[in-house]
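> Structure below; questions to follow.
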Amino acid sequence: MDKIIDYYFSPSSPWTYLGHARFTALAARHGARINVKPADFAGAVFPATGGLPLAQRPKPRQDYRLAELRRWSSYLGLPLNLHPRYFPVAADAAARMIIAADLKHGTAAALDLAGRVMATVWVKEGDIADANSLAALAAQARLGGTALLQRAEHEDVRNRYARNTEEAVARGVFGAPFYIYRDEPFWGQDRLDFLDRALARE
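Residue 239 in our numbering sits at position 139 of the sequence shown; the count goes up by one each step and never skips.
Now the structure itself:
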(Lines of atoms letter the chains of each structure in order from A and count residues from 1; the text may use other names and numbers.)
(Lines give C-alpha, C1' and ligand atoms only; values in the text may rest on other atoms or scores of the structure.)
Protein backbone atom coordinates (compact mmCIF):
# COMPACT_ATOMS: atom_id res chain seq x y z
CA MET A 1 0.00 0.00 0.00
CA ASP A 2 1.27 3.46 -0.91
CA LYS A 3 2.39 5.72 1.90
CA ILE A 4 0.61 9.06 1.56
CA ILE A 5 0.78 11.96 4.03
CA ASP A 6 -1.64 14.88 3.94
CA TYR A 7 0.29 18.00 4.91
CA TYR A 8 -1.85 20.88 6.18
CA PHE A 9 0.02 24.08 6.91
CA SER A 10 0.13 27.85 6.79
CA PRO A 11 3.04 29.50 4.96
CA SER A 12 3.29 32.03 7.81
CA SER A 13 3.59 29.47 10.62
CA PRO A 14 6.93 29.41 12.48
CA TRP A 15 6.27 25.84 13.58
CA THR A 16 5.76 24.76 9.98
CA TYR A 17 9.03 26.48 9.11
CA LEU A 18 10.87 24.65 11.89
CA GLY A 19 9.57 21.27 10.77
CA HIS A 20 9.44 21.65 7.00
CA ALA A 21 12.87 20.38 5.98
CA ARG A 22 12.80 17.55 8.51
CA PHE A 23 9.34 16.50 7.38
CA THR A 24 10.21 16.42 3.68
CA ALA A 25 13.40 14.47 4.42
CA LEU A 26 11.46 12.03 6.60
CA ALA A 27 8.87 11.42 3.89
CA ALA A 28 11.59 10.87 1.29
CA ARG A 29 13.37 8.39 3.55
CA HIS A 30 10.20 6.30 3.81
CA GLY A 31 9.26 6.65 0.16
CA ALA A 32 6.07 8.45 1.16
CA ARG A 33 4.11 10.78 -1.08
CA ILE A 34 3.06 14.18 0.28
CA ASN A 35 -0.24 15.83 -0.51
CA VAL A 36 0.54 19.55 -0.23
CA LYS A 37 -2.44 21.26 1.41
CA PRO A 38 -1.93 24.87 2.46
CA ALA A 39 -5.09 26.07 4.21
CA ASP A 40 -6.56 29.25 5.65
CA PHE A 41 -5.81 28.83 9.34
CA ALA A 42 -6.24 32.42 10.51
CA GLY A 43 -9.46 33.06 8.64
CA ALA A 44 -11.24 29.71 8.89
CA VAL A 45 -9.49 26.85 10.71
CA PHE A 46 -8.82 28.69 13.97
CA PRO A 47 -12.33 30.20 14.26
CA ALA A 48 -13.92 26.81 13.57
CA THR A 49 -11.77 24.90 16.07
CA GLY A 50 -11.41 27.26 19.01
CA GLY A 51 -8.05 28.75 18.12
CA LEU A 52 -7.18 32.37 18.79
CA PRO A 53 -5.02 34.78 16.80
CA LEU A 54 -1.70 35.33 18.52
CA ALA A 55 -2.53 38.85 19.71
CA GLN A 56 -5.68 37.59 21.44
CA ARG A 57 -3.98 34.85 23.45
CA PRO A 58 -3.27 35.41 27.15
CA LYS A 59 0.20 36.77 27.89
CA PRO A 60 1.47 33.55 29.55
CA ARG A 61 0.68 31.66 26.35
CA GLN A 62 2.38 34.28 24.21
CA ASP A 63 5.44 34.24 26.45
CA TYR A 64 5.68 30.45 26.40
CA ARG A 65 5.36 30.41 22.62
CA LEU A 66 8.43 32.65 22.39
CA ALA A 67 10.34 30.43 24.82
CA GLU A 68 9.50 27.33 22.79
CA LEU A 69 10.41 28.96 19.49
CA ARG A 70 13.76 30.03 20.94
CA ARG A 71 14.31 26.54 22.35
CA TRP A 72 13.47 24.71 19.13
CA SER A 73 15.43 27.09 16.95
CA SER A 74 18.51 26.51 19.09
CA TYR A 75 17.98 22.74 19.27
CA LEU A 76 17.55 22.36 15.52
CA GLY A 77 20.25 24.86 14.62
CA LEU A 78 17.81 26.80 12.46
CA PRO A 79 17.86 30.60 12.36
CA LEU A 80 14.59 32.20 13.41
CA ASN A 81 13.72 35.80 14.16
CA LEU A 82 11.32 35.77 17.12
CA HIS A 83 9.86 39.13 16.11
CA PRO A 84 9.97 39.29 12.30
CA ARG A 85 9.26 42.60 10.65
CA TYR A 86 6.27 41.26 8.69
CA PHE A 87 4.28 39.20 11.16
CA PRO A 88 1.40 38.68 11.57
CA VAL A 89 1.05 38.61 7.81
CA ALA A 90 -1.71 37.59 5.41
CA ALA A 91 -0.69 34.23 3.96
CA ASP A 92 -3.46 33.62 1.42
CA ALA A 93 -1.58 34.78 -1.68
CA ALA A 94 1.50 32.76 -0.72
CA ALA A 95 -0.65 29.69 -0.06
CA ARG A 96 -2.29 29.98 -3.45
CA MET A 97 1.09 30.39 -5.14
CA ILE A 98 2.28 27.15 -3.51
CA ILE A 99 -0.87 25.42 -4.79
CA ALA A 100 -0.24 26.83 -8.26
CA ALA A 101 3.31 25.47 -8.13
CA ASP A 102 1.98 22.06 -7.14
CA LEU A 103 -0.53 22.00 -9.98
CA LYS A 104 1.89 23.23 -12.65
CA HIS A 105 5.27 21.90 -11.52
CA GLY A 106 4.57 19.09 -9.05
CA THR A 107 4.97 18.30 -5.38
CA ALA A 108 8.73 18.74 -5.12
CA ALA A 109 8.53 22.24 -6.58
CA ALA A 110 5.65 23.18 -4.28
CA LEU A 111 7.50 21.95 -1.20
CA ASP A 112 10.66 23.81 -2.20
CA LEU A 113 8.69 27.01 -2.76
CA ALA A 114 6.90 26.58 0.59
CA GLY A 115 10.26 26.37 2.33
CA ARG A 116 11.44 29.54 0.61
CA VAL A 117 8.25 31.37 1.59
CA MET A 118 8.55 30.39 5.24
CA ALA A 119 12.22 31.34 5.40
CA THR A 120 11.30 34.72 3.92
CA VAL A 121 9.11 35.44 6.95
CA TRP A 122 11.19 33.92 9.73
CA VAL A 123 14.76 34.49 8.55
CA LYS A 124 14.93 37.12 5.80
CA GLU A 125 12.48 39.75 7.09
CA GLY A 126 10.47 39.63 3.87
CA ASP A 127 6.79 40.36 3.26
CA ILE A 128 4.94 37.35 1.81
CA ALA A 129 1.80 39.45 1.38
CA ASP A 130 3.62 41.58 -1.19
CA ALA A 131 3.12 40.54 -4.82
CA ASN A 132 6.59 41.61 -5.92
CA SER A 133 8.19 39.61 -3.12
CA LEU A 134 6.20 36.52 -4.06
CA ALA A 135 7.06 36.87 -7.75
CA ALA A 136 10.74 37.16 -6.82
CA LEU A 137 10.54 33.98 -4.74
CA ALA A 138 8.93 32.11 -7.62
CA ALA A 139 11.61 33.39 -9.95
CA GLN A 140 14.39 32.31 -7.57
CA ALA A 141 12.82 28.84 -7.52
CA ARG A 142 12.75 28.87 -11.35
CA LEU A 143 8.98 28.56 -11.40
CA GLY A 144 8.14 31.48 -13.63
CA GLY A 145 8.02 34.47 -11.32
CA THR A 146 5.10 36.72 -12.20
CA ALA A 147 3.50 34.03 -14.36
CA LEU A 148 3.14 31.72 -11.38
CA LEU A 149 1.73 34.52 -9.25
CA GLN A 150 -0.87 35.18 -11.95
CA ARG A 151 -1.64 31.46 -12.13
CA ALA A 152 -2.30 31.55 -8.39
CA GLU A 153 -5.30 33.80 -8.99
CA HIS A 154 -7.08 31.36 -11.30
CA GLU A 155 -10.37 29.89 -10.16
CA ASP A 156 -9.12 26.30 -9.91
CA VAL A 157 -6.36 27.39 -7.52
CA ARG A 158 -8.74 29.45 -5.41
CA ASN A 159 -11.17 26.53 -5.30
CA ARG A 160 -8.46 24.13 -4.20
CA TYR A 161 -7.41 26.50 -1.41
CA ALA A 162 -11.02 26.65 -0.24
CA ARG A 163 -11.35 22.85 -0.45
CA ASN A 164 -8.13 22.35 1.52
CA THR A 165 -9.51 24.63 4.23
CA GLU A 166 -12.94 22.99 4.37
CA GLU A 167 -11.33 19.57 4.40
CA ALA A 168 -8.96 20.55 7.19
CA VAL A 169 -11.84 21.62 9.42
CA ALA A 170 -13.83 18.49 8.58
CA ARG A 171 -10.88 16.26 9.45
CA GLY A 172 -10.20 17.86 12.81
CA VAL A 173 -7.16 19.92 11.86
CA PHE A 174 -6.71 22.81 14.30
CA GLY A 175 -3.08 23.92 14.14
CA ALA A 176 -0.11 24.07 11.81
CA PRO A 177 1.68 22.04 10.78
CA PHE A 178 -0.70 19.09 10.80
CA TYR A 179 0.12 15.75 9.23
CA ILE A 180 -2.39 12.97 8.60
CA TYR A 181 -1.16 9.50 7.69
CA ARG A 182 -3.75 6.77 7.16
CA ASP A 183 -6.28 8.77 9.18
CA GLU A 184 -3.88 9.11 12.13
CA PRO A 185 -3.35 12.78 13.03
CA PHE A 186 -0.06 14.31 14.10
CA TRP A 187 -0.11 17.95 15.19
CA GLY A 188 3.08 19.95 15.26
CA GLN A 189 6.68 19.59 14.16
CA ASP A 190 7.43 18.14 17.58
CA ARG A 191 5.36 15.06 16.62
CA LEU A 192 7.54 14.13 13.66
CA ASP A 193 9.19 11.32 15.63
CA PHE A 194 5.79 9.71 16.04
CA LEU A 195 5.04 10.12 12.34
CA ASP A 196 8.41 8.54 11.59
CA ARG A 197 7.47 5.50 13.68
CA ALA A 198 4.07 5.22 12.02
CA LEU A 199 5.68 5.25 8.58
CA ALA A 200 8.21 2.63 9.70
CA ARG A 201 5.51 0.18 10.77
CA GLU A 202 4.94 -0.95 7.20
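No residue lacks a Cβ here, since even glycine has one placed at the ideal position from N, Cα and C.
Since Leu118 and Leu182 are thought to touch, with beta carbons under 8 Å apart, how far apart are those beta carbons, to the nearest angstrom?
Counted from its first residue, the sequence shown places residue 118 at position 18. Counted from its first residue, the sequence shown places residue 182 at position 82. Going by Cβ atoms, the distance from Leu118 to Leu182 rounds to 12 Å, so no, they are not a contact pair.
> In angstroms, rounded to a whole number, what distance separates the CA positions of Leu234 and Val223?
Counting from one through the sequence shown, the residue named residue 234 turns up at place 134. Counting from one through the sequence shown, the residue named residue 223 turns up at place 123. Roughly 15 Å between the two C-alpha positions.
> Find out if the Cβ-Cβ distance for the pair Ile198, Leu213 is shorter than 7 Å.
Within the sequence shown, numbered from 1, the residue matching residue 198 stands at position 98. Within the sequence shown, numbered from 1, the residue matching residue 213 stands at position 113. For Ile198 and Leu213, yes; Cβs fall inside 7 Å.
> Candidates Ala132, Arg263 and Ala167: which alpha carbon is nearest Ile104's?
Numbered from 1 along the sequence shown, position 4 holds the residue referred to as residue 104. It is Ala132.
> Can you grab the Cα-Cα spacing for the pair Pro153 / Gly272, in whole Å?
By 1-based counting over the sequence shown, the position of residue 153 is 53. By 1-based counting over the sequence shown, the position of residue 272 is 172. Their Cα atoms are separated by approximately 18 Å.
> Would Ile228 pass as a contact of Val189 if the rule is Cβ separation under 7 Å?
On the sequence shown, residue 228 is found 128 positions in, with the first residue counted as 1. On the sequence shown, residue 189 is found 89 positions in, with the first residue counted as 1. Cβ atoms of Ile228 and Val189: closer than 7 Å.
> Which residue marks the beginning of the beta strand (DSSP E) containing Glu284, and which one marks its end?
The residue given as residue 284 occupies position 184 in the sequence shown. Segment Glu284 to Trp287, the beta strand (DSSP E) holding Glu284.
> Please specify which runs of the alpha helix (DSSP H), each continuous and at least 4 residues long, are wholly inside the segment 224-281, giving them in chain order.
DSSP runs (the alpha helix (DSSP H)) wholly in the segment 224-281: 231-240, 246-251 and 255-270.
> Suppose only complete runs of 4+ residues qualify. What are the alpha helix (DSSP H) ranges in the segment 102-157, listed by chain order?
114-129 and 146-149
> For the alpha helix (DSSP H) that contains Leu180, what are its first and last residues?
The residue given as residue 180 occupies position 80 in the sequence shown. Per DSSP, Leu180 belongs to no alpha helix (DSSP H) and is neither H nor E.
> Name the residue from Pro158, Ala142 and Ser173 whose alpha carbon lies nearest to the alpha carbon of Thr265.
Locating residue 265 in the sequence shown gives position 165, counting from the first residue. The shortest Cα separation from Thr265 among Pro158, Ala142 and Ser173 belongs to Ala142.
> Can you round the beta-carbon distance between Ala238 and Gly244 to whole angstroms, since I take them to be within the 8 Å contact cut?
The residue you call residue 238 lines up with position 138 of the sequence shown. The residue you call residue 244 lines up with position 144 of the sequence shown. So it is a contact: roughly 6 Å between Cβ atoms.
> Alpha carbon to alpha carbon, how far is Asp256 from Val136?
For this step, residue 256 is matched to residue 156 along the sequence shown. For this step, residue 136 is matched to residue 36 along the sequence shown. Straight-line Cα distance between these residues: approximately 15 Å.
> Could you tell me whether the segment 106-113 touches the segment 273-280, using the rule of 3 or more Cβ pairs below 8 Å?
They touch, by the three-pair rule.
> Verify whether the separation of the beta carbon atoms of Tyr261 and Arg196 is less than 7 Å.
Indexing the sequence shown from 1 puts residue 261 at position 161. Indexing the sequence shown from 1 puts residue 196 at position 96. Contact flag set, yes.
> How many Å lie between Met218 and Glu267 at the Cα?
Position 118 of the sequence shown, counted from the start, is the residue given in the question as residue 218. Position 167 of the sequence shown, counted from the start, is the residue given in the question as residue 267. Between Met218 and Glu267, the C-alpha separation is close to 23 Å.
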